[in-house]
Amino acid sequence: MPPHFLTAIVVLGLGLTVGADAQDLRVEAPSKRARAVRVVEGAIRVDGTLDDEAWRTATPVVDFVQKEPIEGAAPTDRMEVRFAYDDVALYVGARMFSTAAIQTPMGRRDEGDQAEHLRISLDTYFDRRTSSTFGVTASGVRLDHYYSSDDGFNDDPTFTPVWRARTAVDGQGWTAELWIPFAQLRFNDRTPQVWGLNIQRWVPSRNEEVFWALIGRTDERWASLFGELHGIDGIRPGRRIELLPYVASTATALGRRDPNDPFKSAVDLNGRVGADIKVGLGSNLTLEATMNPDFGQVEADPAEVNLSAFETFFDERRPFFVDGANLLTGNVNNYFYSRRIGAAPLGEAQADFVDAQADFVDAPGTTTILGAAKLTGRLASGTSIGVLGAVTGEESARTFSGSQFGRVMVAPPTAYAVGRIEQEFGPPGSTVGLMATSVNRQLSPNDPLSSLLTRNAVTFSGDSVVRFGDYEMQGYLGVTHVDGDPGAILRLQHSSARYFQRPDVDYVRLDPLRRSMSGAKGGVEIERQNGRHWLWSAETSFETPGFETNDVGRLTTGDGRLYNTELEYRETVPGRWFREYSVALSQGQEWNFGGDLQVSTASSEAEITWPNFWSTRWTNELEFRRQDMRLTRGGPSMERPGLWRTGVEIETSEASQTRGDAEVLYGRDEDGGLLFRLNTGMTVQPGPRWQLSLSPSYQREVDTQQYVATLPGGGPATFGGRYIFGHVDRSTYSTQVRLNYTFKPDLNLDFYGEPFAASGIYDRYGELTAARTRLLRPVDPASIGSADFSVRSFRSNLVLRWEWRAGSTLYLVWQQNREIDEALRSRATVGDMFGSLSSPGDNFFAVKASFWFSPQ
């Protein structure tokens with residue numbers, strides 16, 4: 117189907133749906149109310165049994181309603197929830213009656229989908245936008261999330277306040293008591309307090325989800341639908357001071373070591389100390405600082421073989437940067453990528469900056485973070501603030517050649533700053549925000565690194581979200597500016613994000629004397645988020661060729677103008693053969709600023725949830741012929757063939773204690789290219805304390821346009837260059853394994869491991885015959901050399917985590933990193949994947965103890 121024809125269908129649908137659901141006007145029910153009672157301090161002992169006399173004075177909340185499986189129906193089993201408070205904390209006491217088996221598996225904090233659990237959500241600012249959720253499973257595992265907006269899918273599981281919960285199972289069901297200190301909550305200084313409130317119960321044995329204030333299946337709103345909690349009076353936001361010092365000791369045992377290497381010993385021992393501090397500034401803002409942070413307990417990144425010209429971006433896992441990240445990213449997330457702070461020095465990867473003739477080199481794998489601080493919070497006026505600053509130190513690589521030692525700086529001292537302010541207005545979820553970032557490197561004019569790294573990089577951006585009824589419109593605009601020595605700016609002009617050296621373009625120009633570069637990005641999107649049947653979205657955006665955010669953000673490519681549209685029809689009222697289903701069509705196109713079509717796609721997706729809560733998804737995608745300005749990596753534009761892909765995915769019910777999923781994807785292109793991918797996953801719980809997850813995957817890909825090299829001596833049709841490509845047959849096997857054992861809710865043993873094997877076999881080398889085509893002239897492989905590869909690796913983490921006191925944690929860590937990379941012409945097998953377990957590698961051991969205390 118031609119893309120313009122699909123566009124017409126989508127646009128027609130957008131107009132029809134405005135009136136198609138006119139009868140679906142919401143009539144909001146009056147807000148429900150609950151009341152907390154004051155008790156004397158010490159009147160409630162948090163042990164999960166509800167036997168304290170103080171609970172008899174609290175009026176229970178009992179009027180609950182189902183969301184699943186039958187929206188609006190009465191719950192199968194009763195529930196009673198009471199609220200009390202003293203000068204220090206809010207108490208929640210809950211009785212969950214049960215006539216069915218209670219699922220009580222244990223797991224890590226925030227893992228509760230397979231366990232019956234209770235969640236209490238509090239909108240303490242009563243702004244109908246932000247909220248915090250505190251929950252507990254029937255087995256006593258705590259669950260806590262933060263919602264920065266009125267969006268039920270925008271929860272932050274890294275929210276880890278210090279609070280307590282206890283549970284007990286008896287013949288009637290189970291009971292829970294929660295103790296939530298006011299010092300862990302942010303609320304305005306007013307009396308009496310009125311907070312938004314919702315209560316949620318999940319019964320996985322019945323796939324039953326129950327709410328106090330119902331949030332419908334078709335509604336994405338969250339805090340704006342809460343009821344109200346009254347009765348809290350006479351409390352004020354107090355001083356919030358938290359200190360978290362730590363001590364850590366590490367040992368690294370090298371499995372691959374040259375005995376002549378003066379920098380490496382069989383075992384390297386290190387120790388470090390540091391601290392985090394959190395201080396409340398008034399009732400609304402929190403200042404957090406970290407000195408010499410340690411991230412030894414953080415899980416390793418998955419293995420990969422990247423044959424593209426583009427960087428791979430991994431998720432942030434370091435606690436200091438994960439906590440509250442939503443306040444620093446806003447609605448456009450490529451301006452701040454926190455993994456830039458403390459990343460491996462860029463100079464380390466450049467042979468020019470480390471003596472290529474040295475016999476041995478000891479280069480740092482990360483940049484030391486000397487200190488970092490952030491200020492976050494929300495004012496009573498509805499203004500949210502996020503500010504982060506960090507300083508990294510100078511890093512050097514040590515070299516040894518013959519009998520001479522040397523030292524080469526690979527990273528200069530660098531200061532990072534990120535700031536964002538966001539103001540709420542109008543209907544819940546409507547915001548306007550401003551954001552700025554800055555990177556400053558201390559580079560002298562004669563420093564060799566000045567030809568590699570920019571000296572200053574700044575960005576400014578603004579964005580807005582406007583909600584009106586079922587609709588939402590987003591807009592954003594940002595500018596970037598970098599400056600430095602000509603060599604550093606020339607590197608950016610040559611980078612894969614822009615390739616200014618392309619010989620067949622006239623709208624950009626390579627300037628080797630340039631000392632700065634600027635760019636801009638903007639876009640508008642409007643979508644219908646809620647509705648009985650019809651949903652849709654339309655988006656247009658642009659990035660100028662000089663747009664650059666990679667100093668503290670992330671950017672794969674710039675230089676584009678695109679638009680996307682999507683139309684979806686859904687049915688959420690259960691029928692005889694399904695619980696719900698949806699069908700969606702989408703299309704997108706992108707041109708560069710020279711007018712060449714770079715992307716042209718059309719896709720469809722159909723998803724059905726069956727009566728047993730299993731789901732099936734079927735996807736189809738077409739990519740039409742288009743130009744690719746980056747395929748020759750700085751050479752002229754080259755044509756891409758058209759292709760198609762189709763895939764099927766099946767998932768079992770998330771509530772099942774044994775659950776799984778499987779995905780199959782198959783595709784071909786016009787030139788014989790192939791993609792086959794099989795991803796599977798299974799999670800089993802052999803006992804209430806054990807959980808085992810296996811995620812095997814296999815992928816085979818035949819790429820008929822894999823870039824190999826650029827050689828001189830080409831003809832006028834290719835502007836004097838010879839652009840060599842090959843057919844590469846890639847096979848990849850991997851299995852992610854997670855094994856968790858929970859001794860008790862605050863003592864967990866977690867294992868993560870990933871055996872991995874990949875291979876690439878090259879043949880049918882060819883040389884591009886002319887720009888803007890994809891015709892290749894055969895080339896003798898002997899003149900190119902072999903590019904075949906075989907990689908086997910095994911990465912693992914074993915972490916014993918014990919929260920031995922509220923907020924204080926002991927970690928015992930064992931990490932492995934085994935890898936072997938060979939130029940073998942053989943296809944990877946399952947045996948190679950498991951053979952990675954015996955590959956040579958390094959072992960890392962760590963002991964870390966943190967101590968939390970709050971001098972209130």
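Following this note's numbering, the numbering of the sequence shown begins with 117 at its first residue and continues without gaps. Virtual Cβ for every residue (Gly too), placed ideally from N, Cα, C.
- Would you list the one or two residues that DSSP bridges to Gly542? None; Gly542 has no bridge partner.
- Buried or exposed: which applies to Tyr623, given that a residue is buried once 16 or more other Cβ atoms fall within 10 Å of its Cβ? exposed
- Please name the residue, chosen from Asp948, Phe961, Val534, Glu184, that lies closest to Leu914 on a Cα-to-Cα basis. Phe961
- Query: From this set, Gln520, Ser632, Ser577, Arg618, which residue's C-alpha is nearest Gly639's C-alpha?
  - Reply: Ser577
- Return the bridge partner residues of Val853 from the DSSP annotation. Leu810, Gly869
- Task: Mind checking which residues open and close the beta strand (DSSP E) that includes Pro894?
- Result: 892-894
- Message: In this structure, how does DSSP classify Ile236 when only helix, strand and coil are distinguished?
- Response: Note: Ile236 maps to strand in three-state DSSP.
- Query: Using DSSP with H/G/I as helix, E/B as strand and the rest coil, what is Gln617?
  - Reply: Here Gln617 sits in coil by DSSP.
- Task: For the segment 494-507 and the segment 474-482, state whether three or more C-beta atom pairs, one from each stretch, are separated by less than 8 Å.
- Result: With the cut-off at 8 Å, the segment 494-507 and the segment 474-482 do not touch.
- Message: Whole angstroms are fine: how far does the CA of Trp652 sit from the CA of Leu926?
- Response: 49 Å
- Which partner residues of Phe658 appear in the DSSP bridge assignment? Gly638, Arg677
- Through-space distance from Asn270 to Leu341, alpha-carbon basis: 15 Å
- Query: On the three-state DSSP scale, how would you describe Leu403?
  - Reply: strand
- Going by C-alpha distance, which of Val800, Val595, Tyr532 is nearest Arg571? Of the candidates Val800, Val595, Tyr532, the one whose C-alpha sits nearest the C-alpha of Arg571 is Tyr532.
- Item | Identity of the residues DSSP links to Leu738 by a beta bridge | Ala718, Trp760
- Message: Suppose you measure from the CA of Lys964 to the CA of Tyr782; what does that come to, to the nearest Å?
- Response: 46 Å
- Query: With 16 other CB atoms within 10 Å as the buried threshold, where does Ser952 fall?
  - Reply: buried
- Message: Just to confirm my understanding: we take Leu808, look at its own chain, exclude 5 residues before and 5 after, and list those with CB closer than 6 Å. What are they?
- Response: So the list reads Val800, Leu855, once near-sequence residues are dropped.
- Task: Would you mind reading off the limits of the alpha helix (DSSP H) that contains Phe950?
- Result: 946-951
- Item | Spatial neighbours of Gly440 in its chain, beta-carbon cut-off 6 Å, leaving aside the 5 residues before and after | Thr492
- Message: Alpha carbons only, please: which of Thr748, Phe872, Gly751, Ile766 is nearest the one belonging to Arg733?
- Response: The shortest Cα separation from Arg733 among Thr748, Phe872, Gly751, Ile766 belongs to Ile766.
- Where Arg89 and Phe950 are concerned, what is the direct C-alpha to C-alpha distance, given to the nearest angstrom? Any answer about residue 89 is impossible in this case: the structure gives the chain only from 117 up to 972.
- Residue interval of the alpha helix (DSSP H) (run including Gln59): Any question about residue 59 goes unanswered here, given that the chain covers just 117 to 972.
- Counting Cβ pairs closer than 8 Å, one from the segment 626-639 and one from the segment 598-610, do we hit at least three? Output reads yes: the segment 598-610 touches the segment 626-639.
- Query: Nearest to Thr92 by alpha carbon, out of Leu294, Asn562, Pro320, Val310?
  - Reply: As displayed, the chain neither begins before 117 nor continues past 972, which places residue 92 out of reach and without an answer.
- Message: What does DSSP give as the partner residue(s) for Asn408 in the beta ladder?
- Response: Asn408 is not bridged to any residue.
- Query: So what's Thr173 in DSSP terms, helix, strand or just coil?
  - Reply: helix
- Task: Return the first residue and the last residue of the beta strand (DSSP E) that Gly594 is part of.
- Result: 587-599
- Query: Which partner residues does Trp707 have in the DSSP bridge list?
  - Reply: As a beta-bridge residue in DSSP terms, Trp707 pairs with Arg677, Leu713.
- Are Leu565 and Met525 touching if we call contact CB-CB under 8 Å? yes
- Message: Taking the alpha carbon of Ala367 as the reference point, which residue from Phe967, Trp930, Trp968, Glu938 has its own alpha carbon closest?
- Response: Trp930
- According to DSSP, is Val181 helix, strand or coil? Residue state, collapsed to three classes: strand.
- Less than 8 Å between the CB atoms is what I'm expecting for Ala722 and Val699, so what's the real figure, rounded? Sure, about 5 Å apart at Cβ, within 8 Å.
- Using a Cβ-Cβ cut-off of 7 Å (strictly less than) and excluding sequence neighbours within five positions of Asn400, which residues of its own chain qualify? Taken in chain order, the residues that qualify are Arg302, Gly493, Arg494, Leu495, Ala496.
- Query: DSSP state of Arg332, grouped into three classes?
  - Reply: It should be noted that the sequence gives Gly, not Arg, for residue 332. Of the three classes helix, strand and coil, the one that applies to Gly332 here is coil, per DSSP.
- Span of the alpha helix (DSSP H) around Gly603: Note, Gly603: alpha helix (DSSP H), 602-610.
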